[in-house]
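Worksheet: the structure to be examined is printed underneath.
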Ligand code: UDP
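Numbering (this note's numbering), first residue to last: 6 to 252.
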């Protein structure tokens, strides 16, 4: 087995990964698929923390456009991430990966409270930690939660699992000519228009604290596993690289 490149990772999984062939909500098969991808790196003894999104159920911005107060809508979004977290915890345990759900919003009957030291302890003991409710405050998204928790938990990298295989200069789902960046400097990631890596808040926090971000496709060609083995997969965003396209 190749020695993992990273000791501890933060994996941001968007809610859409849980949707499967449905148009809304949680598909158990999809949750199992996500869990199986995680198991492949868990068995390499990589410590894994996961921040799960809620976009398959509810996003605050969409709710507020329909007239719900933004703060209320964001709390609804955070609750959606707790549902996804429960589904993912269940899926991981079904395939014998010990997992603990922690929530930034207190609901002790459902999930442990997010306690940083306890999250670290879980990972040290070989449990995957799923962090729900993002930061626990409104007006941000789970991307920001992932960046914040990655820093707090001293992760080596923040891996963002998306629908496409990295960051492109145009939307690759709409334009087949779109070119993938192999590396992307944080400054360019923030300043270039039309390029979305993560929320600006998440990017700024990662840039300031030199937390590298890898953007990859969770469901393609063992990308997660290969990234852990040290292959240059997807797009690597850092202060220490020049912006370059992949071959
Ligand atoms: N949210 C929030 N604060 C946080 C994290 C999430 O208010 O720290 C809310 C926000 O409304 C967001 C929703 O929860 O739209 C679901 O999260 P997100 O949109 O990040 O999910 P994803 O796009 O990753 O599936």
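In this text, a Cβ means the ideal position worked out from N, Cα and C, and glycines have one as well.
Using only CA atoms, which one of the options lies nearest to residue i?
i	options	result
residue 175	202, 192, 191	202
residue 79	143, 229, 195, 228	143
residue 170	199, 225, 252, 158	225
residue 215	238, 246, 196, 199	246
residue 129	104, 117, 139, 151	104
residue 228	167, 73, 149, 135	167
residue 220	151, 156, 198, 196	151
residue 217	160, 205, 84, 82	160
residue 111	98, 157, 83	83
residue 30	70, 89, 248, 195	89
residue 23	40, 249, 149	40
residue 164	9, 17, 10	17
residue 248	27, 197, 121, 182	197
residue 47	57, 62, 234	234
Can you tell me which of the three DSSP states residue i falls into?
i	result
residue 144	coil
residue 166	strand
residue 216	coil
residue 208	helix
residue 27	coil
residue 94	helix
residue 34	helix
residue 51	coil
residue 75	helix
residue 5	The requested residue 5 is not part of the displayed model; the chain covers only 6 to 252.
residue 191	helix
residue 107	strand
residue 8	coil
residue 172	coil
residue 183	coil
residue 84	helix
residue 242	strand
Buried or exposed: where does residue i fall if 16 or more other Cβ atoms within 10 Å of its Cβ makes it buried?
i	result
residue 66	exposed
residue 146	buried
residue 7	exposed
residue 72	exposed
residue 191	buried
residue 64	buried
residue 230	buried
residue 100	exposed
residue 148	buried
residue 9	buried
residue 120	exposed
residue 52	buried
Determine whether the beta carbon atoms of residue i and residue j lie at a separation below 9 angstroms.
i	j	result
residue 184	residue 241	no
residue 136	residue 54	yes
residue 50	residue 131	yes
residue 43	residue 102	yes
residue 60	residue 19	yes
residue 172	residue 195	no
residue 91	residue 124	no
residue 11	residue 133	no
residue 96	residue 36	yes
residue 98	residue 58	no
Which one or two residues does DSSP pair with residue i in a beta bridge?
i	result
residue 18	57, 166
residue 129	Residue 129 is not bridged to any residue.
residue 134	54, 105
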